[in-house]
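Undergrad: Numbering-wise, our numbering comes out as the position in the sequence shown, counting from 1, plus 78.
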Amino acid sequence: MKTKLIILLWLVVFSSTAFGAANKADTMLVEKQHFTTKDFTTVSGVTLEQVDIGWESYGKLNANKDNVILITHYFSGTSHAAGKYKADDALPGYWDAIIGPGKAIDTNKYYVISSDT
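Now the structure itself:
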């Protein structure tokens with residue numbers, strides 16, 4: 079199981095760096111957003127003073143609001159799934175190879191939200 083996890087992580091890192099945006103003109107620039115709520119009560123009844131959730135979005139929400147794909151990280155620990163914060167950043171998001179215009183998760187068709195969950 080541990081070997082499979084290591085291989086999976088290696089593949090994610092390799093695909094993000096090897097098949098990411100070819101040049102700065104192709105780079106999708108994104109901005110980290112935050113949603114904050116105060117006095118959040120959990121199912122068990124515990125109240126948290128404040129909850130902050132980081133998120134990023136890619137693409138455009140259509141008029142019917144039915145083109146949304148939600149990505150919740152598992153291994154990465156971050157909502158930074160695609161693009162870069164600045165054109166000269168060293169590495170793009172962890173799924174940059176598959177999220178973006180013309181890619182498997184096509185941001186010309188879908189509105190993609192990635193959250194710190």
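From the three backbone atoms N, C-alpha and C, an ideal C-beta is built for every residue, glycine too.
This structure is a prediction, so every number in the text was calculated from the model and none was measured.
Tell whether a beta-carbon distance below 7 Å holds between residue 137 and residue 190.
TA: Translated into the one-based positions of the sequence shown, residue 137 becomes position 59. Translated into the one-based positions of the sequence shown, residue 190 becomes position 112. Contact: yes.
Undergrad: Leaving out five residues before and five after residue 176 in sequence, what residues of the same chain have Cβ atoms less than 6 Å from its Cβ?
TA: Along the sequence shown, read from residue 1 onward, the residue named residue 176 stands at position 98. 182, 183, listed in sequence order.
Undergrad: Under 7 Å between the Cβ atoms of residue 46 and residue 157?
TA: In this structure the chain extends from 79 to 195, so residue 46 is not present and cannot be described.
Undergrad: Going by the beta-carbon positions, is the gap between residue 162 and residue 105 smaller than 7 Å?
TA: By one-based count along the sequence shown, residue 162 stands at place 84. By one-based count along the sequence shown, residue 105 stands at place 27. Against a cut-off of 7 Å, the Cβ pair of residue 105 and residue 162 comes out as a contact.
Undergrad: Let me see if you follow: with CB-CB separation under 7 Å, is residue 179 close to chain C or not?
TA: In the structure shown, chain C does not exist; there is a single protein chain.
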